[in-house]
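To keep things clear, I will list the structure first and then write my remarks on it.
There are 2 protein chains.
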Amino acid sequence: MHLENIILQIKQRREELQITQETLAEIAEVGLRTLKQFESGKGNPTLQTITKISEVLGMELKLQIKPLNQIK
Amino acid sequence: MHLENIILQIKQRREELQITQETLAEIAEVGLRTLKQFESGKGNPTLQTITKISEVLGMELKLQIKPLNQIK
DNA sequence: TTTCTAAGTGCATTATATGGCTCTATTTTG
DNA sequence: CAAAATAGAGCCATATAATGCACTTAGAAA
């Protein structure tokens, strides 16, 4: 699914920046448990949660029209 | 905020496609109430909800690294 | 191996998203 | 204009996301 990509990106980005889940959770002001669940693919996070995390990582969610050639 | 852009895009896209909230909600399989709340900026929808709605509109969420010149 | 650190999980509680129903307001249509 | 369609909002019940705490697991380093 597409969600997995997002999770993977977050995880990779965090690791690139060499931040632990604990630190990221603190800075982003989300519960550590929430971040752990998210990264381990367990949850269905709210937009707010993802946004908080993304921002700390210097990322953002963009909504875009699907390319036509992407029809699977 | 950035969330408003997403809401606006969803709304505009829906209107371009001339679909009512009711129809979109049905096709996307989300509650009409949920869609209404989302479009009116009231909610904090889950990723699943946004994904469902986006897909029906031929859109998708992308996570990207913020452009540097975007620092406000 | 032992120790330490980071990540993942079970459980319980609280907060809140979802969704149905109803009513009102606004917009569109005839 | 009146009627119909559409959107927004209040109330409420249910489902579930967010969270803390404690414990387990995995991996790295000594």
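So the protein sequences, as listed, match chains A and B.
Each residue of the first sequence is one higher than the one before, counting from 968 in the working numbering.
Each residue of the second sequence is one higher than the one before, counting from 968 in the working numbering.
For each residue, glycine too, the CB sits at the ideal point set by N, CA and C.
With a threshold of 16 other CB atoms inside 10 Å of the CB of B:K1019, please say whether the residue is buried or exposed. Within the second sequence, residue 1019 of chain B is the residue found at index 52, counting from 1. Flag for B:K1019 reads buried.
Under 8 Å Cβ to Cβ from B:G1010, same chain only, skipping five residues before and after it: list those, please. To locate residue 1010 of chain B, count along the second sequence from 1; it is residue 43. Same-chain partners within the cutoff: T1001 and Q1004.
Tell me which residue opens and which closes the alpha helix (DSSP H) that A:K1003 is part of. Counting from one through the first sequence, the residue named residue 1003 of chain A turns up at place 36. Residues L999 to E1006.
Would B:L999 pass as a contact of B:Q988 if the rule is Cβ separation under 8 Å? Position 32 of the second sequence holds residue 999 of chain B. Position 21 of the second sequence holds residue 988 of chain B. For B:L999 and B:Q988, yes; Cβs fall inside 8 Å.
Considering A:L970, what are the terminal residues of the alpha helix (DSSP H) in which it resides? Taking the first sequence and counting its residues from 1, the one referred to as residue 970 of chain A is at position 3. H969 to E983 is the extent of the alpha helix (DSSP H) around A:L970.
Terminal residues of the alpha helix (DSSP H) in which A:E996 lies: Looking up residue 996 of chain A in the first sequence gives position 29. Run containing A:E996: none; DSSP gives neither H nor E here.
Can you name the residues of chain A whose CB is closer than 7 Å to the CB of B:T1001? Locating residue 1001 of chain B in the second sequence gives position 34, where the first residue counts as 1. Chain A residues near B:T1001: none, gap ~12 Å exceeds 7 Å.
Taking only the alpha-carbon atoms, compute the straight-line gap between B:Q1031 and B:T990 and give it to the nearest angstrom. Sequence index remark: in the second sequence, residue 1031 of chain B carries index 64 (1-based). Sequence index remark: in the second sequence, residue 990 of chain B carries index 23 (1-based). Using only the alpha carbons, I get a separation of about 31 Å.
Roughly how many angstroms separate the alpha carbons of B:A995 and B:E1027, rounded to a whole number? Within the second sequence, residue 995 of chain B is the residue found at index 28, counting from 1. Within the second sequence, residue 1027 of chain B is the residue found at index 60, counting from 1. Rounded to whole angstroms, B:A995 to B:E1027 spans 13 Å at the Cα level.
Kindly give me the distance between the Cβ atoms of A:L1024 and A:I977, rounded to whole angstroms, as I take these residues to be in contact under 8 Å. Position 57 of the first sequence holds residue 1024 of chain A. Position 10 of the first sequence holds residue 977 of chain A. Right, the Cβ-Cβ distance comes to about 7 Å (below 8 Å), so this counts as a contact.
For B:T1013, which beta-bridge partners are listed by DSSP? As a position in the second sequence, residue 1013 of chain B is number 46, starting the count at 1. Answer is A:T1013.
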